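Colleague: Per our numbering: the sequence shown ends with 132, consecutive numbering throughout. Even glycine gets a Cβ: it sits at the ideal position worked out from N, Cα and C. Computed from a predicted model, the values in this text were never measured in an experiment. Structure incoming, see below.
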Amino acid sequence: MKSAFVVCALAAFTGIVPALAHHSFAAEYDQKQPLSFAGVVTKLDWMNPHVYFYVDALDKDGNVAHWACEAGNPNALARRGWKKDSLKKGDQVTVQGYRAKDGTFTMNARSIVLADGSKVFAASSEDGGPLN
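Here it is, written out as structure tokens:
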């Protein structure tokens, strides 16, 4: 009986560890640093816990900045109509979101304006980030 309790306790604890590893918007991104830029999609990683897409955009000096854009999780995006091929390499996009606190070319993407002018929501609604 005692060993069954230990096994159950260990099983419960191992389920908690991944949950503790998940980050919040406020831990990584700065709500006071909104940004928007236009560029070209170079890659899409459709995976848990968050979808990432990568965009090359020109900075203010005309140099190419390679942005990593964090979106919501695949399930949340699929419920909003996204598919794995919603963004493709070479697509022209305008991304709106919030810059990483560490100053790297990483952002939490809130919305994307596609080349045809349509706007898609990219963020998780439950992540604690500001609502647009």
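With three or more C-beta pairs closer than 8 Å as the rule, is the region 84 to 93 touching the region 28 to 42?
Modeller: yes
Colleague: What is the rounded straight-line gap between the Cα of Asn48 and the Cα of Ala109?
Modeller: The residue given as residue 48 occupies position 48 in the sequence shown. The residue given as residue 109 occupies position 109 in the sequence shown. Between Asn48 and Ala109, the C-alpha separation is close to 16 Å.
Colleague: Does Arg99 pass the burial test, meaning 16 or more other C-beta atoms within 10 Å, or should it be called exposed?
Modeller: Counting from 1 along the sequence shown, the entry for residue 99 is found at position 99. When all chains shown are included, Arg99 counts as buried.
Colleague: On the three-state DSSP scale, how would you describe Ala68?
Modeller: Here residue 68 refers to the residue found at position 68 when the sequence shown is read from its first residue. If DSSP states are grouped into helix, strand and coil, Ala68 belongs with the strands.
Colleague: If you draw a straight line from the alpha carbon of Pro34 to that of Gln96, how long is it in whole angstroms?
Modeller: On the sequence shown, residue 34 is found 34 positions in, with the first residue counted as 1. On the sequence shown, residue 96 is found 96 positions in, with the first residue counted as 1. When rounded, the distance between both Cα atoms is 7 Å.
Colleague: State the start and end residues of the unbroken beta strand (DSSP E) segment that holds Phe25.
Modeller: By one-based count along the sequence shown, residue 25 stands at place 25. Element bounds for Phe25: not the beta strand (DSSP E) but the alpha helix (DSSP H), Phe25 to Glu28.
Colleague: Cα-Cα, which of Glu28, Trp67, Val120 and Lys119 is closest to Leu58?
Modeller: By 1-based counting over the sequence shown, the position of residue 58 is 58. Of the candidates Glu28, Trp67, Val120 and Lys119, the one whose C-alpha sits nearest the C-alpha of Leu58 is Trp67.
Colleague: So what does DSSP say about Leu114, is it helix, strand or coil?
Modeller: If you number the sequence shown from 1, residue 114 lands on position 114. Strand, per DSSP.
Colleague: Between which residues of its own chain and Ala65 is the CB-CB distance below 6 Å, once the five residues before and five after are set aside?
Modeller: Start at 1 with the first residue of the sequence shown, and residue 65 comes out as number 65. For Ala65, where only same-chain residues beyond five positions count, the Cβ hits under 6 Å are Ala57, Asp59 and Phe105.
Colleague: Is DSSP giving Pro34 helix, strand or coil here?
Modeller: For this step, residue 34 is matched to residue 34 along the sequence shown. Strand.
Colleague: State the Cα-Cα distance for the pair Gly117 and Asp61, rounded to the nearest angstrom.
Modeller: Walking along the sequence shown from the start, residue 117 turns up at place 117. Walking along the sequence shown from the start, residue 61 turns up at place 61. Roughly 26 Å separates the two Cα atoms.
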